[in-house]
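A.B. asks: Here it is, the structure, as structure tokens.
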Amino acid sequence: MWLLLSLNLLGKIVAVFLFRSAPLAAVAAWLGVDVLLAYHQLARRARGIVVMHQRFRPAGRQVWLTIDDGPDPEDTPRILAALAEHRARATFFMIGANVAAHPDLARAVAAAGHEVANHTQSHLLGTFWCVPPWRVSRELDACTAALLAVGVRARRFRPPAGLRNIWLGHALPKRGLDCIGWSARGLERRNRDPASVVDHVLRGLAPGAILLLHEGPRVDPSVRVEAIRRVLARLEADGYACVIPERDQLL
Ligand SMILES: [Zn+2]
62 MWLLLSLNLL
72 GKIVAVFLFR
82 SAPLAAVAAW
92 LGVDVLLAYH
102 QLARRARGIV
112 VMHQRFRPAG
122 RQVWLTIDDG
132 PDPEDTPRIL
142 AALAEHRARA
152 TFFMIGANVA
162 AHPDLARAVA
172 AAGHEVANHT
182 QSHLLGTFWC
192 VPPWRVSREL
202 DACTAALLAV
212 GVRARRFRPP
222 AGLRNIWLGH
232 ALPKRGLDCI
242 GWSARGLERR
252 NRDPASVVDH
262 VLRGLAPGAI
272 LLLHEGPRVD
282 PSVRVEAIRR
292 VLARLEADGY
302 ACVIPERDQL
312 L
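Position in the sequence shown (first residue = 1) + 61 = my numbering.
Below, the structure is given as structure tokens:
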């Protein structure tokens with residue numbers, strides 16, 4: 062992270078010096094370092110800021126189901142019932158503000174044996190990747206506080222939309238939080254029927270896959286919960302167990 066920031070600063074200084082003598086080279090130096098930084102923020106495989114785990118080392122035919130953006134008063138109870146029906150475990154990446162609004166739901170998720178993790182306090186979908194370090198700290202710590210208030214100490218974090226803010230490279234290790242990505246997702250906002258969501262997420266199905274699905278009002282009503290139910294049914298039919306991997310299994 063510090064290397065990336067130093068390179069970015071160096072590129073900008075070089076660009077300023079080159080501006081009069083070689084304007085094209087100055088533009089290339091200015092934009093080149095920005096492209097490099099953007100790559101490490103956007104590309105899920107890039108490791109320059111912080112490692113975002115996308116798979117885990119399975120012990121057999123196992124996948125990790127992760128559900129983002131809850132808790133939600135309509136969806137969470139129904140998702141819990143579906144998980145229980147299929148004897149599946151999942152990790153819920155929760156938004157701190159939603160936890161504060163529905164603390165009993167967050168407690169119920171943890172009490173049912175699922176993992177509850179940090180998905181920032183206010184889910185700044187379009188801007189989290191570029192907010193300053195004090196705001197990154199506030200987003201992490203306020204969500205952690207909301208989770209602690211319901212008796213949960215989060216070990217995992219997922220940034221909104223999976224976009225890494227550069228300050229996460231310092232902020233996450235300091236707080237003992239692992240950054241978790243995914244290897245397959247339903248893209249529920251694009252696929253507006255449950256069958257398409259299931260097809261999309263199961264395209265990336267393999268032992269050790271991390272599956273990403275969502276709950277809450279950002280998902281189309283026809284898709285909400287139903288897509289998760291169908292994914293659980295397919296996983297069970299294909300002989301997959303939904304597990305929560307330990308830290309040393311993360312790849
Ligand atoms: Zn989210």
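Ideal Cβ placement from N, Cα and C applies to all residues, glycine included.
#1: Less than 7 Å between C-beta atoms, sequence neighbours within five positions excluded: which residues of the same chain meet that for L79?
#2: Any C-beta of chain D sitting closer than 8 Å to the C-beta of E146?
#3: By Cβ distance, which residues of its chain are closer than 8 Å to H114, with the 5 residues on each side in sequence left out?
#4: From A143 to L224, what does the alpha carbon distance come to, in whole angstroms?
#5: Can you list, in chain order, the residues of its chain with a C-beta nearer than 7 Å to that of W228? Leave out the 5 residues immediately preceding and following it.
#6: On the DSSP bridge list, what partners appear for F80?
#7: The alpha helix (DSSP H) with N159 in it runs from where to where?
#8: Measure the Cβ-Cβ separation of G277 and G131 and say whether it is below 8 Å.
#9: What alpha helix (DSSP H) runs, 4 residues minimum, are completely inside the stretch 75 to 123?
#10: Between which two residues does the alpha helix (DSSP H) containing I289 stretch?
#11: Can you list every residue whose CB sits closer than 6 Å to some heavy atom of ligand 1, going in chain order?
C.D. replies: In short:
#1: A86, A87 and A90
#2: No chain D appears in this structure, which consists of one protein chain only.
#3: Excluding residues within five positions, the ones whose Cβ falls inside 8 Å are D239, C240, I241, G242, I271, L311 and L312.
#4: Rounded to whole angstroms, the gap between the alpha carbons of A143 and L224 is 30 Å.
#5: P194 and V197
#6: Looking at the DSSP assignment, F80 forms no beta bridge with any residue, so it has no partner.
#7: G157 to A162
#8: yes
#9: Qualifying alpha helix (DSSP H) stretches, in chain order: 84 to 103.
#10: E287 to A298
#11: The set, ordered by position in the chain, is D129, D130, H180, H184 and P221.
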